[in-house]
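Going down the list, the sequences are from chains A, B, C and D.
When we follow the working numbering, the leftmost residue of the first sequence carries the number 1272, and every step to the right adds one.
When we follow the working numbering, the leftmost residue of the second sequence carries the number 1272, and every step to the right adds one.
When we follow the working numbering, the leftmost residue of the third sequence carries the number 1272, and every step to the right adds one.
When we follow the working numbering, the leftmost residue of the fourth sequence carries the number 1272, and every step to the right adds one.
The structure appears below as structure tokens.
There are 4 protein chains.
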Amino acid sequence: MDKELTVLFIGDIIGQPGIRAIVSMLPNLKRGYNPDLIVINGENAADGFGITPEIADSLFAAGADIITTGNHVWQQREIIPYMKDHPTLLRPANYPPGAPGTGAVIVEKHGVRFAVLNLQGRMRMWPIDCPFRKARDLIKKIEGKADIVLIDMHAEAPEEKEALAFDLDGRISALVGTHTHIQTADERILPRGTAYISDLGATGPRNSIIGFDPETGIRRSLTQLPLKSEVAQTPAVVHGVVLGLDGETRRARWIRRIKEQSLV
Amino acid sequence: MDKELTVLFIGDIIGQPGIRAIVSMLPNLKRGYNPDLIVINGENAADGFGITPEIADSLFAAGADIITTGNHVWQQREIIPYMKDHPTLLRPANYPPGAPGTGAVIVEKHGVRFAVLNLQGRMRMWPIDCPFRKARDLIKKIEGKADIVLIDMHAEAPEEKEALAFDLDGRISALVGTHTHIQTADERILPRGTAYISDLGATGPRNSIIGFDPETGIRRSLTQLPLKSEVAQTPAVVHGVVLGLDGETRRARWIRRIKEQSLV
Amino acid sequence: MDKELTVLFIGDIIGQPGIRAIVSMLPNLKRGYNPDLIVINGENAADGFGITPEIADSLFAAGADIITTGNHVWQQREIIPYMKDHPTLLRPANYPPGAPGTGAVIVEKHGVRFAVLNLQGRMRMWPIDCPFRKARDLIKKIEGKADIVLIDMHAEAPEEKEALAFDLDGRISALVGTHTHIQTADERILPRGTAYISDLGATGPRNSIIGFDPETGIRRSLTQLPLKSEVAQTPAVVHGVVLGLDGETRRARWIRRIKEQSLV
Amino acid sequence: MDKELTVLFIGDIIGQPGIRAIVSMLPNLKRGYNPDLIVINGENAADGFGITPEIADSLFAAGADIITTGNHVWQQREIIPYMKDHPTLLRPANYPPGAPGTGAVIVEKHGVRFAVLNLQGRMRMWPIDCPFRKARDLIKKIEGKADIVLIDMHAEAPEEKEALAFDLDGRISALVGTHTHIQTADERILPRGTAYISDLGATGPRNSIIGFDPETGIRRSLTQLPLKSEVAQTPAVVHGVVLGLDGETRRARWIRRIKEQSLV
Ligand SMILES: [Fe+2]
Ligand SMILES: [Fe+2]
Ligand SMILES: [Fe+2]
Ligand SMILES: [Fe+2]
Ligand SMILES: [Fe+2]
Ligand SMILES: [Fe+2]
Ligand SMILES: [Fe+2]
Ligand SMILES: [Fe+2]
């Protein structure tokens, strides 16, 4: 396992434009980066709110090894029974005991055991269980069972994502943030070797407000009425990162942001 | 006024490391970009919380034409009398009537009248006055009095910053976000010519949690005790953007992110 | 107008149990207190979320002179056109310009002109317009046009309700709070004559969690999943206050809490 | 143990007026109710923010068997070492492992072993550990070691307090809420025998905004500036409840609200 491992991590898929974009562009991305593992956050794939079994199937068929999610995962109830038979569709691990589904999985690809953990922040979000202790617990639990550990920390506050990354620096290969739908420009390797970015950004419509129709967003801001957001119907941009990991030391060698304009 | 105008916009200065970095690097940045206007957000300059008259003086002396701020501006009370005599130190304009200071100013540089507006978001922040209506009112009020209008929208939520930018697209030359302390990679020119970025990022210590000591941030996350943040004492990174504006049409031609490592 | 005026103010009607309770008990309450004016908060009448035209009609038919509401008012969209023709159905007045409906009304009963204002708080709620300035503006606007001014301040935070009441003390006859669904025991006459209570309490099912099914509330607390609340199907308690106002000075003489068990 | 046990539970002591009131009136309350146990919430005793060793000593000297607290407990740092030697001064039990102090204690009085648990809510508060699971764990842990279990649930949201009370109904003798500083009028015995009230109310200055100076509260509401609250300097009102518990079944027989005007 001395070669370099490559991981492709794609940010929140938003509605049909996001699905079309990732499905149509994944072949190109695979050719370009030849990733050993592909992880896609799908929490907004179902018209912006949650994910359905059909959409999960189509993302897996397109090449996703693992689908992570976030706070919106519960909005399409039919995904809940699907979780049982599909352990590679994750929901945040730090929901309390009793929540459906699971938040961590190990998959073996090309002889490498990749663990992916999905966590959710609490600052300015729901008060679920502590993501810091849950991450530490899970990492301890999978010790010896996985070669590479990767985290999707789905959170609003960059301070919470950075704190978790610093806390785990050197113990995991990468922590990437999702949820804000805006890609950040702070990708870097932390002092002890963990790759980090505060947010992958969304895979969703351009000329939108975090994926949604600008008209409604402006009107809601002006009136403070609870207007329902509609996914904007414009071609989408694929956002994410590619990670280069040292197969031996498990440290990250590099992290590169992706921002690819889809035409469909 | 048919030449290209260049504006340098620098994100939240954090403590002494941030001040040292911007003061030492501004000469270089001026040589490199020859900006017609320099705007610096100084809301975290006083050890992370607010700004003092001395610090404001030193930022002006270093070359800032205008200092914008945000929610932390009120934390050093001695800045309040200073605001009266220094109209180029702004606080968010949409604080209610009766708040000290002002949130908009017009300065003339090289024959061009630049208006800078400072606004603050409300999503997951204080419930101050509506930044959307305040922005529209101010823009109407300065019509004919300014050639170029620029906005620092100090806000947590990217959807609020994007909504305001879309609402004003074509009526102002640029809207830049501040407050999260993390630079975003979404800089672009909106359909009708307004330059946009969700967040400039902070001018503060590297290897920090949004500018502050990681140890405390991790411990606070784990314990949920109200531990006070201390500015990290490492060399800082200067974050911001440079804008190229068409002097005639007032539309943005380009927006370029800045991320400059300081050595001091 | 030297006689004592009596006002009956009923808290948030919750679902069918709340409607049944107030409709069946209002005749008794009228006999007991002989109120000159009856105001009912109806924001949760439609199965807990909003109000429909049919329900509004039935509350008016039962004796309500004015229906106030709150943050949930927008959830049944068919109420919006109804607002136009029914100015005695109020929504909070401090929604921004452009929101449907109105938040203040004057009705004449027995030769007395009663003004009722409906306002909504912002602490830990939506960032709508300032209820303090809106209240002051409205009071100024109706000066000379109303004999008695009453306010339903629909808000979460008692500090916000108390602050508004102290601010208006002596200028209005009463300010009553709604929204928490729990009646408070702090009814009193403020120093300059305004009657006050932090919350009227809900007119909703007993043995419930703020009107809703306890099982779901407990499970949601334990799992933090976004489970939908269902109105509990138990007989309801009518909560509110009766106010005795001096017809000459307009000051409140007394305020008495109501808590009446319904049998249906 | 077949006699009736009486417990006096006093709400948040606010500053010097609150301390003076409870110290001067406790002798009367003892004479009147002859309580077997006295519990006082002291989280705002130190000028509104936290509690000091001196104040804790004086509350114990006045007759408190147990002092509970809440979110403000950490604001006077000198109380932290004091917690070690004074296990009857509680902080909320559901702060994460590693927090100083303890959140549950058993004291024996007149041959009865009283357990008092202090918990804190999370809705619209800090995201600490789950109060529901913590309460269940603690109750299991003390089974057989205590005769009577009482809970101070320090929380903002009545729905969270009611949910916890319903969840524990029949397993504890009483759950009382604190934190809002406003006494609620919903005291009752739940179906399986647990006494309940959403909030005891504060023991603090009258003619105040939740204990603090009205002028500042109004000005802060109008300006949204972060003005510091000062405890109002008026005579205080003692708020709380007295509970009558069946010594045999441990069920609550009655709950009576207290509201006593102090003269000093
Ligand atoms: Fe998302
Ligand atoms: Fe999300
Ligand atoms: Fe800042
Ligand atoms: Fe800020
Ligand atoms: Fe309500
Ligand atoms: Fe409400
Ligand atoms: Fe509290
Ligand atoms: Fe308190």
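Glycine is no exception: its CB is placed at the ideal position from the N, C-alpha and C atoms.
In whole angstroms, give me the CA-to-CA distance for B:ILE1460 and B:ILE1468. For the purposes of this step, residue 1460 of chain B is taken as residue 189 along the second sequence, with counting starting at 1. For the purposes of this step, residue 1468 of chain B is taken as residue 197 along the second sequence, with counting starting at 1. So the two alpha carbons sit approximately 9 Å from each other.
Is the Cβ of C:ILE1419 closer than 7 Å to any Cβ of chain A? Mapped onto the third sequence, residue 1419 of chain C falls at position 148. False, the Cβ-Cβ gap to chain A never drops below 7 Å.
DSSP state of C:MET1424 mapped onto helix, strand, coil: For this step, residue 1424 of chain C is matched to residue 153 along the third sequence. C:MET1424: strand per DSSP, three-state reduction.
Spatial neighbours of A:PRO1324 in its chain, beta-carbon cut-off 7 Å, leaving aside the 5 residues before and after: For the purposes of this step, residue 1324 of chain A is taken as residue 53 along the first sequence, with counting starting at 1. The residues are GLU1349, ILE1350, TYR1353.
Taking the C-alpha atoms as reference points, what is the distance between C:GLY1286 and C:ASN1305? One-based indexing of the third sequence puts residue 1286 of chain C at position 15. One-based indexing of the third sequence puts residue 1305 of chain C at position 34. Near 26 Å, if we compare the C-alpha coordinates of C:ASN1305 and C:GLY1286.
Beta-ladder partner(s) of D:ASN1389, from DSSP: Start at 1 with the first residue of the fourth sequence, and residue 1389 of chain D comes out as number 118. Partner(s): D:ASP1423.
Counting only Cβ-Cβ distances shorter than 8 Å, please list the residues of the stretch 1436-1460 of chain A near chain B, keeping chain order. PHE1437, ASP1438, THR1451, HIS1452, ILE1453, GLN1454, THR1455, ALA1456, ASP1457
Determine, using beta carbons only, whether D:GLU1314 comes closer than 7 Å to chain C. Position 43 of the fourth sequence, counted from the first residue, corresponds to residue 1314 of chain D. Not one chain C Cβ lies under 7 Å of D:GLU1314.
Taking 7 Å as the threshold (beta carbon to beta carbon), is B:MET1384 in contact with chain C? Along the second sequence, one-based indexing puts residue 1384 of chain B at 113. A small fix is needed here, since residue 1384 of chain B is Arg in this sequence, not Met. For B:ARG1384, the answer is no, since every Cβ of chain C falls outside 7 Å of its Cβ.
Ordered along the chain, which non-local residues of its own chain (more than five positions away) have a Cβ less than 6 Å from that of D:PRO1429? For this step, residue 1429 of chain D is matched to residue 158 along the fourth sequence. The residues are SER1469.
Where are the beta strand (DSSP E) runs, 3 residues long or more, that stay fully inside the stretch 1414-1495 of chain B, in chain order? 1419-1425, 1445-1449, 1466-1468
Going by DSSP, what residue range makes up the beta strand (DSSP E) through D:ILE1526? Along the fourth sequence, one-based indexing puts residue 1526 of chain D at 255. Here the beta strand (DSSP E) through D:ILE1526 covers 1523-1532.
For C:VAL1420 and C:PHE1280, the rounded distance between their alpha carbons: What you label residue 1280 of chain C is simply residue 9 of the third sequence in a count that begins at 1. What you label residue 1420 of chain C is simply residue 149 of the third sequence in a count that begins at 1. Computed Cα separation, rounded: 13 Å.
Answer with yes or no whether the minimum CB distance from B:ILE1468 to chain A is below 7 Å. Counted from its first residue, the second sequence places residue 1468 of chain B at position 197. It does not; no Cβ of chain A falls within 7 Å.
How about C:GLN1495: is its C-beta nearer than 7 Å to some C-beta of chain A? Against the third sequence, residue 1495 of chain C aligns to sequence position 224. Chain A, which has a Cβ nearer than 7 Å to the Cβ of C:GLN1495, makes this yes.
When you measure from the CB of B:HIS1357 to every non-hydrogen atom of ligand 1, does any distance come out below 6 Å? Residue mapping note: residue 1357 of chain B aligns to position 86 of the second sequence, counting from 1. Outside the cutoff, so no.
When you compare the CB of C:ARG1522 with every CB in chain B, is at least one pair closer than 7 Å? Residue numbering aside, residue 1522 of chain C sits at position 251 when the third sequence is read from its first letter. With 7 Å as the cut-off, C:ARG1522 does not count as an interface residue toward chain B.
With 9 Å as the C-beta to C-beta threshold (strictly closer), list the residues of the stretch 1352-1385 of chain D near chain B in chain order. TYR1366, PRO1367, PRO1368, GLY1369, ALA1370, PRO1371
Output needed in chain order: residues of the stretch 1388-1401 of chain D with a Cβ under 7 Å from some Cβ in chain B. TRP1397, PRO1398, ILE1399
Beta-bridge pairing of D:ALA1507 - partner residues as DSSP gives them: Start at 1 with the first residue of the fourth sequence, and residue 1507 of chain D comes out as number 236. Beta-bridge pairing links D:ALA1507 to D:PRO1476.
Can you give the Cα-Cα distance for C:ALA1406 and C:ALA1523, rounded to whole angstroms? Working through the third sequence from its first residue, we reach residue 1406 of chain C at position 135. Working through the third sequence from its first residue, we reach residue 1523 of chain C at position 252. Their backbone Cα atoms lie some 19 Å apart in a straight line.
Taking the continuous beta strand (DSSP E) assigned at B:VAL1278, which residues delimit it? On the second sequence, position 7 is the one that residue 1278 of chain B refers to. Where B:VAL1278 is concerned, the enclosing beta strand (DSSP E) stretches over 1275-1281.
Answer with yes or no whether the minimum CB distance from B:TRP1525 to chain D is below 7 Å. By one-based count along the second sequence, residue 1525 of chain B stands at place 254. It does not; no Cβ of chain D falls within 7 Å.
Do A:VAL1278 and A:LEU1308 have their C-beta atoms closer together than 7 Å? If you number the first sequence from 1, residue 1278 of chain A lands on position 7. If you number the first sequence from 1, residue 1308 of chain A lands on position 37. A contact, by the Cβ cut-off of 7 Å.
Say the cut is 6 Å; is the CB of D:ASN1342 nearer than that to a heavy atom of ligand 7? Against the fourth sequence, residue 1342 of chain D aligns to sequence position 71. Checking the Cβ of D:ASN1342 against ligand 7 gives yes.
Determine the extent of the beta strand (DSSP E) in which C:GLU1501 is found, giving its start and end residues. Start at 1 with the first residue of the third sequence, and residue 1501 of chain C comes out as number 230. First-last for C:GLU1501: undefined, no H or E at that position.
For C:GLU1501, is the beta carbon positioned less than 6 Å from some heavy atom of ligand 5? Counting from 1 along the third sequence, the entry for residue 1501 of chain C is found at position 230. No, ligand 5 has no heavy atom inside 6 Å of this Cβ.
Is the closest heavy atom of ligand 6 to the C-beta of C:HIS1450 under 6 Å? Against the third sequence, residue 1450 of chain C aligns to sequence position 179. Within the cutoff, so yes.
Just to confirm, are B:HIS1510 and B:GLN1454 a CB contact at a threshold of 7 Å? Walking along the second sequence from the start, residue 1510 of chain B turns up at place 239. Walking along the second sequence from the start, residue 1454 of chain B turns up at place 183. In this structure, B:GLN1454 lies closer than 7 Å to B:HIS1510 by Cβ.
Quick one, which of D:PRO1288, D:GLY1392, D:MET1296, D:ARG1384 has its alpha-carbon nearest D:SER1444's? To locate residue 1444 of chain D, count along the fourth sequence from 1; it is residue 173. Selected option, being the one with the closest Cα: D:ARG1384.
Which residue marks the beginning of the beta strand (DSSP E) containing C:ILE1311, and which one marks its end? Residue 1311 of chain C sits at position 40 when you count from the first residue of the third sequence. Note, C:ILE1311: beta strand (DSSP E), 1308-1312.
Mind checking whether the beta-carbon of A:ASP1457 lies closer than 6 Å to any heavy atom of ligand 3? One-based indexing of the first sequence puts residue 1457 of chain A at position 186. No, since every heavy atom of ligand 3 falls outside the 6 Å radius drawn around the Cβ of A:ASP1457.
Please state whether DSSP places B:ARG1384 in a helix, a strand or coil. Residue numbering aside, residue 1384 of chain B sits at position 113 when the second sequence is read from its first letter. It is a strand residue.
Cutting at 6 Å between CB atoms, please list the residues of its own chain near C:THR1359, excluding the five before and the five after it. For the purposes of this step, residue 1359 of chain C is taken as the residue at position 88 of the third sequence. Excluding residues within five positions, the ones whose Cβ falls inside 6 Å are ILE1337, VAL1376.
Does the structure place the stretch 1476-1488 of chain B close enough to the stretch 1472-1482 of chain A that three or more beta carbon pairs sit under 8 Å? no
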